[in-house]
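What follows is a set of notes on a single structure, which appears directly below.
What follows is the structure in structure tokens.
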């Protein structure tokens, strides 16, 4: 068998990893080529025995490990939070050293800081998003740098105690009032063409808490599992403090706890999305509960494709009666402007 040992010091979000955390190496195809528990010594977390195994030449049809010159990546499992963190760089330094530490490929003095990544997929037009990480560099121009360079970003807006804030990439930075993209908060972003965005930082957990103002708040949803709004906001509903929750994914959806279930079109809160939440009284340290029910999915809507969905809207519902008109389930009711 061929193998080489990788060594170093492991940090999680800038702090030493904890006892019980594990580090693993993955080859280019995502196969685990080696794993080890970190060793705590004198307050530091060391990667001492990460033996990375090579591919077995006697089984060419099976990929068991690394080949010479093949890239590998590192991941760390945080046992206390049950979160997997990635190391931002990949390595091409593996060689067979018969299981001994590889020279020039990690050493006990090298420090590896593991952080979280959040990848979002954006549609053309308006998107209501959030990140489930505290971004390491949170200036809008840095977070959305690739979109700016490609000329794909039109606008980003946020909402806080001071009201609306905006970032316009076509203006000098001092003219934009949105200066930071905060983990746990929601943001509107408008782009020309569909694209992806990757946020890099420290993962939010179920212990993360945010304050809610009276009336409207634009917040994120950071749990990894989707959750029904009646579960996510159960404490607010029990206290009679939740008025509305609205979301946007190709069109607006809403949840009103006092309304009939069949009239609510927002059926699931999803990671990476942002939501408008309206409460009657301010709330300190709002937290999402641990998911307890089955995984839920957002109701699939059937909107009119001819309507341009923007980030401003109102909801109209009620009972419709028809006279001398044949209709069936699935027919749409359209609302027109004065100009038609």
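Residue numbers (this note's numbering): 1444 to 1783.
For each residue, glycine too, the CB sits at the ideal point set by N, CA and C.
Could you check where the beta strand (DSSP E) with residue i kicks off and where it finishes?
i: residue 1529; result: 1526-1530
i: residue 1447; result: 1446-1455
i: residue 1470; result: 1465-1470
i: residue 1657; result: Note, residue 1657: premise wrong, no beta strand (DSSP E); not H, not E.
i: residue 1495; result: 1487-1496
i: residue 1718; result: 1717-1722
i: residue 1691; result: 1685-1691
i: residue 1622; result: Careful: residue 1622 lies outside any beta strand (DSSP E) and carries neither H nor E.
i: residue 1639; result: 1638-1646
i: residue 1549; result: From DSSP, residue 1549 is part of no beta strand (DSSP E); its letter is neither H nor E.
i: residue 1739; result: Neither: residue 1739 is in no beta strand (DSSP E) and is coded neither H nor E.
i: residue 1565; result: 1554-1565
i: residue 1596; result: 1596-1603
i: residue 1515; result: 1515-1521
i: residue 1728; result: 1726-1729
i: residue 1608; result: 1606-1610
Out of the options, which one is the CA nearest neighbour of residue i?
i: residue 1462; options: 1468, 1549, 1776 and 1521; result: 1521
i: residue 1618; options: 1579, 1610 and 1624; result: 1610
i: residue 1740; options: 1764, 1708 and 1528; result: 1708
i: residue 1614; options: 1542, 1604, 1596 and 1630; result: 1596
i: residue 1543; options: 1518, 1519, 1494 and 1589; result: 1494
i: residue 1689; options: 1698, 1682 and 1681; result: 1698
i: residue 1512; options: 1480, 1470, 1661 and 1504; result: 1470
i: residue 1538; options: 1476, 1621, 1679 and 1687; result: 1476
i: residue 1490; options: 1503, 1517, 1496 and 1526; result: 1517
i: residue 1530; options: 1600, 1598 and 1645; result: 1645
i: residue 1730; options: 1701, 1676 and 1710; result: 1676
i: residue 1660; options: 1536, 1605, 1459 and 1474; result: 1605
i: residue 1580; options: 1480, 1683, 1556 and 1622; result: 1622
i: residue 1702; options: 1680, 1711 and 1694; result: 1680
i: residue 1603; options: 1460, 1642 and 1719; result: 1719
i: residue 1682; options: 1710, 1641, 1664 and 1724; result: 1724
i: residue 1732; options: 1526, 1519, 1678 and 1533; result: 1678
Quick one: using the 10 Å Cβ neighbour count with 16 as the cut-off for buried, is residue i buried or exposed?
i: residue 1669; result: buried
i: residue 1445; result: buried
i: residue 1571; result: buried
i: residue 1607; result: exposed
i: residue 1514; result: exposed
i: residue 1657; result: exposed
i: residue 1503; result: exposed
i: residue 1695; result: buried
i: residue 1546; result: exposed
i: residue 1671; result: buried
i: residue 1599; result: buried
Might you give, ordered along the chain, the residues of its own chain that have their beta carbon closer than 8 Å to the beta carbon of residue i, omitting 5 neighbours on each side?
i: residue 1593; result: 1638
i: residue 1584; result: 1591, 1610, 1612 and 1616
Which residues in the same chain have their Cβ closer than 7 Å to the Cβ of residue i, if we skip the five residues on either side of it in sequence?
i: residue 1498; result: 1506, 1507, 1508, 1509 and 1510
i: residue 1601; result: 1608, 1621, 1628, 1630 and 1661
i: residue 1727; result: 1654
Ignore the nearest five residues each way along the sequence and tell me which others in residue i's own chain have a CB closer than 6 Å to its CB.
i: residue 1524; result: 1648
i: residue 1635; result: 1595
How far does the alpha helix (DSSP H) with residue i in it extend, from its first residue to its last?
i: residue 1674; result: 1672-1675
i: residue 1588; result: 1588-1592
| query | For the stretch 1554-1573 against the stretch 1713-1729, are there 3 or more C-beta pairs whose distance is under 8 Å? | reply | Touching, yes, given that three or more Cβ pairs across the two stretches are closer than 8 Å.
| said: Tell me whether the stretch 1575-1595 and the stretch 1622-1637 touch, counting them as touching only if at least three CB pairs, one residue from each stretch, are closer than 8 Å. | reply: As far as the Cβ criterion goes, the stretch 1575-1595 touches the stretch 1622-1637, which means the pair count is three or higher.
| task | Count the C-beta pairs between the stretch 1550-1559 and the stretch 1445-1455 that are closer than 8 Å, then say yes if the count reaches three, no if not. | result | Cβ pair count under 8 Å is three or more, so yes.
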